[in-house]
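Number of protein chains: 2
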Amino acid sequence: MAKVTINNVADLAGVSIKTVSRVVNREPNVRESTREKVDKAIAKLNYRPNLSARNLASRRSHLIGLVYDDPAAYELPSSGYIIKMQQGALAACRSVNYELLIHPCDYRKKDVGAELRSLIEEARPAGIVLAAPLSNMPKIVRAIETTGTPCVRLSPGKTSAKILSVATNDREVSAEMTRYLAGLGHARIAFITGDPEHKAVANRFLGYQDGLSESGIEFSTQLVAAGNNSFGSGEACTEKLLERKNPPTAIFAANDDMAAGVIRAAHRMGIDMPGQLSVAGFDDIVLSSQLDPTLTTIRQPLVRMTERGALMLSKGNDQDKDAGHHEIVPAEIQIRESTGPAPG
Amino acid sequence: MAKVTINNVADLAGVSIKTVSRVVNREPNVRESTREKVDKAIAKLNYRPNLSARNLASRRSHLIGLVYDDPAAYELPSSGYIIKMQQGALAACRSVNYELLIHPCDYRKKDVGAELRSLIEEARPAGIVLAAPLSNMPKIVRAIETTGTPCVRLSPGKTSAKILSVATNDREVSAEMTRYLAGLGHARIAFITGDPEHKAVANRFLGYQDGLSESGIEFSTQLVAAGNNSFGSGEACTEKLLERKNPPTAIFAANDDMAAGVIRAAHRMGIDMPGQLSVAGFDDIVLSSQLDPTLTTIRQPLVRMTERGALMLSKGNDQDKDAGHHEIVPAEIQIRESTGPAPG
DNA sequence: GTGAAAGCGCTAACAC
DNA sequence: GTGTTAGCGCTTTCAC
């Protein structure tokens with residue numbers, strides 16, 4: 054079990070280590086017969102290049118860092134969201150033979166910037182995939198920028214010229230969901246807003262307003278409640294909304310965690326869904342299809358988005374060529390049991 | 054933004070690079086005044102040691118690998134479980150300044166062994182935390198063993214002399230839950246078993262049987278249904294159990310995902326919980342407290358377990374000294390709304 | 001097409 | 001206490 058190195062392979066194949074290196078890195082200018090000899094030696098010895106040595110010599114690593122807001126710090130149990138991002142990043146890593154480093158961090162801490170710089174300068178990842186809402190915080194983005202490490206922002210809310218990003222059409226698809234509810238006959242459609250720090254989520258609120266106006270329904274602040282992306286805030290907002298004199302017949306929450314809270318609160322109040330109340334969310338986390346009733350929501354292509362992001366950072370993609378590149382992966386409405394015709 | 058290296062620090066502080074290395078690694082035998090000089094230079098230059106160089110020179114990395122079963126491969130949405138493990142591993146990493154690599158893998162694939170060896174020999178993690186059920190699969194454990202990398206098995210079901218492990222008291226606490234249900238007057242307590250590959254989960258079934266006998270209740274296969282740890286299997290088993298001629302008044306599922314399925318199935322069948330049916334689970338995933346009714350379950354100290362495991366692997370812990378060490382972190386019953394007195 | 005030599009930035013072993 | 005020297009296992013540069 055002694056570690057086998059590039060030297061052992063070179064010896065066995067009867068070539069220089071440089072040639073082995075060429076074969077391993079699929080570089081051109083190697084005679085086919087030489088390549089075969091080397092490949093055979095590699096297989097025989099079960100050789101695996103040492104990443105650390107590779108990184109050190111080449112000044113680039115085969116690691117992608119996924120950085121996101123630390124849910125443990127706020128007791129926001131948005132695990133579905135995180136798992137999906139990881140899934141996408143892992144898929145990308147697998148396809149290009151990278152490994153994934155995860156690094157949740159608490160953006161309220163004064164020294165997040167330093168923490169991220171430590172991560173980057175120590176582990177030297179090939180790039181950072183930065184999740185929302187961190188992706189729209191100048192402090193964070195700048196900290197990563199100063200290290201010179203490529204970075205892809207996920208759902209940054211607003212793109213910026215020099216930094217890669219992947220987003221979905223939050224605003225447009227939220228408008229579509231609102232029109233769908235209006236089409237079911239709902240005239241009083243409430244909206245529960247999310248964490249104001251999260252710009253992409255804020256775009257959903259704009260989409261809701263677009264949808265109302267496109268459906269000829271007047272916007273009213275009486276039908277808006279301020280949540281913070283958490284399950285608990287969804288519950289609290291629901292109680293508030295349903296106690297108003299002219300309660301809504303549909304509630305559209307800016308994310309699924311809050312929508313799950315809506316469903317629970319309505320359950321407790323003995324309200325029939327979708328008979329008396331329609332509920333819609335955004336994200337399509339795993340939980341959405343486990344609720345009772347199952348949740349009508351918007352399938353955010355989070356797995357896909359993160360995968361694209363991680364791929365942008367990997368070797369195959371020329372960083373400079375793609376600098377300033379922005380990708381949009383469209384979301385789509387997923388109709389389930391929680392929405393139906395307006396009552397009466 | 055030129056990379057600052059140990060040489061720059063040594064120059065600025067007017068010492069040799071070895072002394073800088075000593076300070077960085079908190080080695081003894083450095084005069085206090087020298088240490089201060091070096092620390093000042095480090096702060097001034099904002100120096101961060103290059104992990105790759107460190108790993109290469111020292112043949113040990115500052116990376117911990119967390120390896121678990123890939124839920125995406127089976128559509129088992131056990132994200133709560135994964136997030137908790139990650140949380141524990143991340144806490145340990147933070148405290149000893151390591152980074153965390155995650156590596157889900159599909160144990161049904163023929164070449165998992167090779168895949169794990171690639172991971173280990175390329176990234177050279179300081180150690181691997183191996184989650185259940187992978188932790189009780191000889192094929193997997195052996196693959197890791199041959200690399201010589203330290204490994205901690207989580208809930209291995211059965212300990213083995215040479216390999217570190219962290220587990221909880223699955224059997225004992227499951228017996229306790231069963232006695233608790235019996236104490237509420239339930240005489241027909243059903244059990245939904247989990248994935249048979251998962252030995253720790255199998256221990257819960259043994260505990261259930263212990264609890265029955267300790268409560269003077271006869272065990273009956275009529276009250277056992279075979280699940281596979283998934284939400285869907287919990288639903289299916291519930292329908293089967295409740296259709297029997299002498300249906301149970303309580304259902305104890307071997308994990309929370311299945312218990313959540315029980316609750317949904319019972320809801321659909323119009324059964325009142327806990328009035329007509331008590332439901333208990335195991336794990337205490339986040340979802341448990343979001344269900345309606347909230348789920349009585351067993352709080353598996355998964356975060357703590359994984360944290361302990363990762364810590365065992367980190368520098369502070371002398372590997373040889375601890376070889377063959379097994380830790381038990383006890384679980385505890387968490388009573389919520391889903392359990393109550395037996396009907397009638 | 002292939003190889004020799006010179007590092008990448010750090011730690012290990014030993015000298016002083 | 002502190003410094004010197006020699007690598008760790010690769011990639012890079014440039015020669016052939």
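In order, the protein sequences belong to chains R and W. Read in order, the letters of the first sequence are residues 54 to 397 in the numbering used here. Read in order, the letters of the second sequence are residues 54 to 397 in the numbering used here. For glycine and all other residues, C-beta sits at the position ideal for the given N, C-alpha and C. These numbers were taken from a predicted model, which means no experiment stands behind them.
**Request:** Give a yes or no on whether 8 Å exceeds the smallest Cβ distance from Gln387(R) to chain W.
**Result:** The beta carbon of Gln387(R) sits no closer than 8 Å to any beta carbon of chain W.
**Request:** Scan the segment 260–303 of chain R and note each continuous beta strand (DSSP E) run of 3 residues or more that stays entirely inside, going in chain order.
**Result:** Entirely contained in the segment 260–303 of chain R, the beta strand (DSSP E) runs reaching 3 residues are, in chain order, 277–279.
**Request:** For Phe335(R), return the contacting residues in chain W, with the cut-off set at a CB-CB distance below 7 Å.
**Result:** Correct list: empty, because the minimum Cβ distance to chain W is about 18 Å.
**Item:** Residue-level contact to chain R via CB, Asp345(W), 8 Å cutoff
**Value:** Cβ-Cβ to chain R under 8 Å: yes for Asp345(W).
**Request:** Rank Gly287(W), Arg107(W) and Ile381(W) by C-alpha distance to the C-alpha of Phe305(W) and give the top, closest one.
**Result:** Measuring from the Cα of Phe305(W), the nearest candidate turns out to be Gly287(W).
**Item:** Beta-bridge partners of Tyr121(R), as assigned by DSSP
**Value:** Paired residues: Pro157(R).
**Request:** Run the CB neighbour count on Arg161(W), radius 10 Å, all protein chains shown included, and call it buried at 16 or more, exposed below.
**Result:** The residue is exposed, with fewer than 16 neighbouring Cβ atoms inside 10 Å.
**Asked** Helix, strand or coil: how does DSSP classify Gln92(R) here?
**Response** Looking at the sequence itself, residue 92(R) is Asp, so the reference to Gln does not match. In this structure, Asp92(R) counts as helix in the three-state DSSP scheme.
**Distance between Ser188(W) and Ile70(W) (C-alpha atoms, nearest Å)** = Take the alpha-carbon of Ile70(W) and the one of Ser188(W): they are about 42 Å apart.
**Asked** If we count Cβ pairs, one from each stretch, closer than 8 Å, do we get three or more for the segment 359–367 of chain R versus the segment 294–311 of chain R?
**Response** The segment 359–367 of chain R vs the segment 294–311 of chain R: no contact.
**Message:** To test your reading of the DSSP string, which unbroken beta strand (DSSP E) runs of 3 or more residues are found completely within the segment 213–248 of chain R?
**Reply:** Fully enclosed beta strand (DSSP E) runs of 3 or longer: 217–220 and 242–246.
**Message:** Against Gln140(R), what residues of chain W qualify as contacts under a CB-to-CB distance less than 7 Å, listed in chain order?
**Reply:** Correct list: Ala125.
**Item:** Segment limits, alpha helix (DSSP H) that includes Gln139(R)
**Value:** Segment Ser132 to Val149, the alpha helix (DSSP H) holding Gln139(R).
**Prompt:** Interface residues of chain W around Pro157(R) at Cβ under 7 Å?
**Reply:** Under a criterion of Cβ atoms nearer than 7 Å, the residues of chain W adjacent to Pro157(R) are, in order, Leu143.
**Request:** Could you tell me how far apart the beta carbons of Cys204(R) and Gly180(R) are, in whole angstroms, since I believe they sit closer than 8 Å?
**Result:** Indeed, because the Cβ distance is near 6 Å, the residues count as touching under 8 Å.
**Message:** Against chain W, with Cβ distances strictly below 8 Å, would Ala184(R) count as a contact?
**Reply:** For Ala184(R), the nearest beta carbon of chain W is not closer than 8 Å to its own beta carbon.
**Request:** Return the chain-ordered list of same chain residues with a C-beta closer than 7 Å to the C-beta of Met358(W), the five sequence neighbours on each side being excluded.
**Result:** If we look at Met358(W) and ignore the five residues flanking it on each side, its Cβ neighbours are Gly141, Leu207, Val219, Thr221 and Val382.
**Asked** Interface residues of chain W around Glu174(R) at Cβ under 8 Å?
**Response** Chain-ordered, the chain W residues with CB closer than 8 Å to the CB of Glu174(R) read Lys56, Arg101 and Asn103.
**Request:** Check each candidate in Ala144(W), His251(W), Thr291(W) and Leu172(W) and name the one with the smallest Cα separation from Leu153(R).
**Result:** For Leu153(R), the nearest C-alpha among the options comes from Leu172(W).
**Prompt:** How many Å lie between Gln262(R) and Met230(R) at the Cα?
**Reply:** So the alpha carbons of these two residues sit roughly 11 Å apart.
**Message:** Contact criterion: CB-CB distance below 8 Å. Does Arg177(R) meet it with respect to chain W?
**Reply:** Output row for Arg177(R): interface = yes.
**beta strand (DSSP E) segment containing Gly180(W), residue limits** = Taken as a continuous stretch (DSSP letters only), the beta strand (DSSP E) holding Gly180(W) covers Gly180 to Leu183.
**Request:** Go to Thr72(R), then tell me how far its beta strand (DSSP E) extends in each direction, as first and last residue.
**Result:** Judged by DSSP secondary structure, Thr72(R) falls outside any beta strand (DSSP E) and instead within the alpha helix (DSSP H) spanning Ile70 to Val77.
**Asked** Whole-angstrom Cβ separation of Ile245(R) and Met311(R), contact assumed at under 8 Å?
**Response** That pair is a contact at about 5 Å.
**Prompt:** Buried or exposed: which applies to Ser391(R), given that a residue is buried once 16 or more other Cβ atoms fall within 10 Å of its Cβ?
**Reply:** A residue is called buried once 16 or more other Cβ atoms fall within 10 Å of its Cβ, and Ser391(R) is buried on that count.
**Prompt:** For Ala313(W), which residues in chain R fall below 9 Å Cβ to Cβ?
**Reply:** Residues of chain R passing the Cβ test: Gln343.
**Prompt:** Hey, is Ile245(W)'s beta-carbon within less than 8 Å of any beta-carbon in chain R?
**Reply:** No - not a single Cβ of chain R is within 8 Å of the one on Ile245(W).
**Asked** Distance, Cα to Cα, Ile136(W) vs Leu183(W)?
**Response** If you take the alpha carbons of Ile136(W) and Leu183(W), they lie about 15 Å apart.
**Asked** Since Ile270(R) and Ala240(R) are thought to touch, with beta carbons under 8 Å apart, how far apart are those beta carbons, to the nearest angstrom?
**Response** The C-beta distance from Ile270(R) to Ala240(R) rounds to 6 Å, short enough to fall under 8 Å.
**Message:** Taking the alpha carbon of Ala384(W) as the reference point, which residue from Thr302(W), Val226(W), Glu80(W) and Asn282(W) has its own alpha carbon closest?
**Reply:** Of the listed residues, the one whose Cα sits closest to Ala384(W) is Val226(W).
**Request:** State the start and end residues of the unbroken beta strand (DSSP E) segment that holds Pro207(R).
**Result:** It is worth fixing the name first, because residue 207(R) is Leu in this sequence and not Pro. Here the beta strand (DSSP E) through Leu207(R) covers Cys204 to Leu207.
**Asked** Taking Cβ positions only, does Glu360(W) come closer than 8 Å to chain R?
**Response** Against chain R, the CB of Glu360(W) has no partner CB under 8 Å away; the residue lies outside that interface.
**Item:** Any chain W beta carbon closer than 8 Å to Ala289(R)
**Value:** Not one chain W Cβ lies under 8 Å of Ala289(R).
**Item:** Delimiting residues of the beta strand (DSSP E) encompassing Thr350(W)
**Value:** Per DSSP, Thr350(W) belongs to the beta strand (DSSP E) from Thr350 to Arg352.
**Request:** Report the rounded CA-to-CA distance for Arg15(R) versus Ser148(W), giving the unit in angstroms.
**Result:** This structure leaves residue 15(R) out entirely; chain R is present only between 54 and 397.
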